[in-house]
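Asker: Before we start, here is the structure in question, set down as structure tokens.
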Amino acid sequence: MIRAELDQTFMETKRNKQLWEVISNKMKEKGYHRSAEQCKCKWKNLVTRYKGCETMEPEGVRQQFPFYNELQAIFTSRMQRMLWAEAEGGSKKKAEILEEFMRQQMQMEAQWMEAYEARESERRLKEMEWRQTMEALENERIMMDQRWREREEQRRIREEARADKRDALITALLNKLRREEM
């Protein structure tokens, strides 16, 4: 979505390294640490995959590519801007067609945004469940470690008590043997 916001700027400039830096910074603000080069590479891969989906069977392949609708919205918006630029000098009929087209695109974008937000919400929920599971496992590990340490401490105390008893018996036996020798 960040790239979509800057699409018009990308179309207007020849050198876009600074734009990729802007995207990288916006990604960092959202918690995703990616370099400008990584963002650019990912975009090129997504576009290549999108173009591949365009030439293949519509539904089957498109369902396998989760960003198809997002890229379609970006390219459709780009087409609309180009058509608007052409229509500015054209007739009212063209403008009406473009307005209807724009309305449909806005509706599609709203539907996409709803789907995106639902996926994001589901992802956050799964992440929260995962974190809770990991926290529970960590607590369980800590408790097991504590129980092990307690058992080890009890074993050490028993060993010391046995050693003390053994030492006392040996001392008593030696004392008894000394008394008998005298």
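Add 158 to the 1-based position in the sequence shown for this note's numbering, that's all there is to it.
All C-beta atoms in this analysis are idealised placements derived from N, C-alpha and C, irrespective of residue type, glycine included.
1. Roughly how many whole angstroms lie between the Cα atoms of Arg313 and Gln304?
2. Consult DSSP for Phe259 and reduce its assignment to one of helix, strand or coil.
3. On the CB-based measure, 16 or more other CB atoms within 10 Å of its CB, does Leu335 come out buried or exposed?
4. Mind checking Cys199: buried by the 16 CB within 10 Å criterion, or exposed?
5. Just the C-alpha distance for Glu317 and Leu295, rounded to the nearest angstrom, thanks.
6. Quick one: Cα of Leu283 to Cα of Ala319, how far?
7. With distances taken between CB atoms, is the gap from Thr234 to Gln269 smaller than 8 Å?
8. At a cut of 8 Å, does the region 220-230 reach the region 201-212 through at least three beta carbon pairs?
9. Helix, strand or coil: which one does DSSP assign to Lys175?
10. Taking the C-alpha atoms as reference points, what is the distance between Arg192 and Val180?
11. For Ile232, count the other beta carbons within 10 Å of its own beta carbon; 16 or more makes it buried, fewer makes it exposed. Which is it?
12. For a test of the three-state rule: what should DSSP assign to Met340, helix, strand or coil?
13. Could you round the C-beta distance between Ala194 and Trp178 to whole angstroms and report it? I think they count as a contact, below 8 Å.
14. Spatial neighbours of Lys184 within its chain, please: C-beta separation below 7 Å, excluding the five flanking residues on both sides.
15. Specify the secondary structure class of Tyr190 as computed by DSSP and reduced to three states.
16. Should Ser279 be labelled buried (16 or more other beta-carbon atoms within 10 Å of its own) or exposed?
Answerer: Quick answer:
1. Computed Cα separation, rounded: 14 Å.
2. Here Phe259 sits in helix by DSSP.
3. Counting other Cβ atoms within 10 Å of its Cβ, Leu335 stays below 16 and is therefore classed as exposed.
4. Result: exposed.
5. Between Glu317 and Leu295, the alpha-carbon positions lie close to 32 Å from each other.
6. Distance between the alpha carbons of Leu283 and Ala319: 54 Å.
7. 8 Å or more divides the Cβ of Thr234 from the Cβ of Gln269.
8. As far as the Cβ criterion goes, the region 220-230 touches the region 201-212, which means the pair count is three or higher.
9. DSSP, read as helix, strand or coil, puts Lys175 in helix.
10. Answer to the nearest angstrom: the Cα atoms are 11 Å apart.
11. So Ile232 counts as buried.
12. The answer is coil: DSSP assigns Met340 none of H, G, I, E or B.
13. At roughly 4 Å, the Cβ-Cβ gap stays under 8 Å, so Ala194 and Trp178 are in contact.
14. If you ignore the 5 residues before and after Lys184, its C-beta comes within less than 7 Å of the C-beta of Ile160, all in its own chain and listed in chain order.
15. Three-state DSSP puts Tyr190 in coil, outside helix and strand.
16. Flag for Ser279 reads exposed.
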